[in-house]
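In the working numbering, the protein residues as written are 52 to 399. What follows is one structure encoded as structure tokens, with my remarks underneath.
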Amino acid sequence: MKRLGALLASLLLAGSLTACGGAAAQEMQSVQVFAMDTVMGLQACGGETEAALAAAEDEIYRLDEALSRTREDSAVSRLNSAAAGTPVDVGEELHDLIARALDFSAATDGAFDITLAPVSSAWGFTEDVYRVPEDAELAALLACVGAEHVHLEEGTAVSLDQGTRIDLGAIAKGYASDRMAAIYQEHGITHGIVDLGGNTWVCGGNLEGEPWQIGIQDPARPAGSLAGILEASDAFAVTSGGYQRYFEENGQVYHHIIDPATGRPAESGLTSVTVVADGTAGNGTMCDALSTALFVMGEDRALELWRSGVYDFDLILVTEDGRLLATAGIADRFRPDDSAGYAYEVVS
52 MKRLGALLAS LLLAGSLTAC GGAAAQEMQS VQVFAMDTVM GLQACGGETE AALAAAEDEI
112 YRLDEALSRT REDSAVSRLN SAAAGTPVDV GEELHDLIAR ALDFSAATDG AFDITLAPVS
172 SAWGFTEDVY RVPEDAELAA LLACVGAEHV HLEEGTAVSL DQGTRIDLGA IAKGYASDRM
232 AAIYQEHGIT HGIVDLGGNT WVCGGNLEGE PWQIGIQDPA RPAGSLAGIL EASDAFAVTS
292 GGYQRYFEEN GQVYHHIIDP ATGRPAESGL TSVTVVADGT AGNGTMCDAL STALFVMGED
352 RALELWRSGV YDFDLILVTE DGRLLATAGI ADRFRPDDSA GYAYEVVS
């Protein structure tokens with residue numbers, strides 16, 4: 052099994068040690084955190100840098116605990132362990148996040164689904180003990196999968212149907228990136244990067260006054276090989292791909308992105324999906340949810356949602372048949388890596 056950063060962030064940090072802030076010059080400061088099962092890197096410059104990084108680190112640890120389904124004391128675990136139909140007060144934050152998740156599920160025709168927890172466990176992706184479930188087992192679990200089994204009750208309570216369990220892993224890091232953006236803003240940070248293991252938010256431009264350069268991992272080659280480079284300022288970029296986490300059995304590769312319609316790893320013709328949006332509050336959460344959903348949906352349905360205007364985002368898609376697609380809104384900021392060998396297309 053391999054876990055690779057979806058969005059390669061060696062992030063081409065041009066000028067990352069250069070002073071900034073004019074007369075009150077500061078250097079880019081950074082911290083590294085291990086949370087949500089991944090290594091996270093935070094960099095900041097300008098404003099109350101040390102306070103911002105300390106607050107951001109504390110917030111990541113708080114969210115890791117609050118949104119985990121494996122910690123017995125978390126609100127998610129309390130909800131999952133409650134008797135069927137019993138309302139559980141999960142607090143305003145989690146209630147609102149679950150509500151947004153249900154909205155994403157509706158907008159993607161169920162391709163995004165937080166109720167896949169039992170199915171993911173059946174494959175061993177939660178416990179890191181991998182196996183291929185029998186068809187009958189998956190069929191029984193799928194009977195409890197779907198947004199219709201999650202009920203937003205009065206106030207900040209939520210209830211679940213019999214056998215339904217939720218997992219916020221496909222949205223938690225995106226929500227965390229939104230919180231990091233808010234903390235940076237509160238502390239007056241002018242330049243920075245938040246890399247939460249495939250979920251990236253860039254604050255302002257780099258220290259040379261240019262956009263940050265975000266490397267998009269090539270899913271067909273080893274870590275460090277790029278499909279292309281995206282230039283971005285004040286933006287979120289989130290990548291999902293089957294190469295990030297998988298296991299092999301009897302010569303067959305099984306990745307962790309489950310199709311809620313089948314209970315099996317998605318077979319959509321895509322190997323990587325990167326969703327890009329501006330730095331508007333809430334867009335980190337959106338990008339995280341959509342990157343998973345669009346991977347499941349496949350090229351045609353992904354582009355259909357992009358064209359619909361329901362959400363404001365752009366896409367970079369890598370396909371199994373050797374194509375690299377960028378939507379028109381970011382085509383002038385995306386530079387494909389010729390060494391990757393993809394046939395590059397701009398989609399409008």
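The beta-carbon is built from N, C-alpha and C at its ideal position, and this holds for glycine as well. Small disclaimer: the values here were computed from a predicted structure and weren't measured.
- A distance of 7 angstroms or more separates the beta carbons of Phe85 and Thr343.
- Between the beta-carbon of Ala332 and that of Ala221 there is about 20 angstroms, and that puts the pair past the 8 angstroms contact cut.
- Secondary structure of Cys195 (DSSP, three-state): coil.
- In summary, Tyr112 is exposed, with fewer than 16 beta-carbon neighbours lying within 10 Å of its beta-carbon over all protein chains present.
- Between Thr325 and Ile267, the gap from beta carbon to beta carbon is short of 7 angstroms.
- By the CB criterion at 7 angstroms, Leu247 and Ser228 fall inside the cutoff.
- In this structure, DSSP gives Ser323 an extended state, which the three-state scheme calls strand.
- Residue range Glu350 to Ser359 is occupied by the alpha helix (DSSP H) that includes Arg352.
- Note on geometry: alpha-carbon atoms of Glu282 and Asp218 lie some 32 angstroms from one another.
- Segment contact: the stretch 171–184 against the stretch 294–308, three or more CB-CB distances shorter than 8 angstroms; contact assigned.
- Looking from the CA of Leu145, the closest CA among Ala173, Asp160, Gly136 and Glu116 belongs to Glu116.
- Straight through space, the alpha carbons of Gly335 and Asn131 are spaced by roughly 25 angstroms.
- In terms of Cα proximity to Glu101, the closest of Tyr294, Gln80, Arg272 and Leu118 is Gln80.
- DSSP lists Pro316 as the beta-bridge partner residues of Ile309.
- In the DSSP annotation of this structure, the continuous segment of the beta strand (DSSP E) that includes Ala288 starts and ends at Ala286 to Gly292.
- Asn250: member of the beta strand (DSSP E) spanning Asn250 to Cys254, first to last residue.
- Per the C-alpha coordinates, the member of Val196, Ser125 and Pro138 positioned closest to Ala312 is Val196.
- Val397 and Ala278 have their C-alpha atoms roughly 14 angstroms apart.
- Bridge partners of Phe163 according to DSSP: none are assigned.
- A contact between stretches requires three or more CB pairs, one per stretch, nearer than 8 angstroms, and the stretch 88–103 meets this requirement with the stretch 231–244.
- DSSP places Asp109 inside the alpha helix (DSSP H), whose first and last residues are Thr100 to Ala117.
- In the three-state reduction of the DSSP assignment, Val141 falls in the coil class.
- Taken through DSSP and simplified to helix, strand or coil, Tyr362 comes out as coil.
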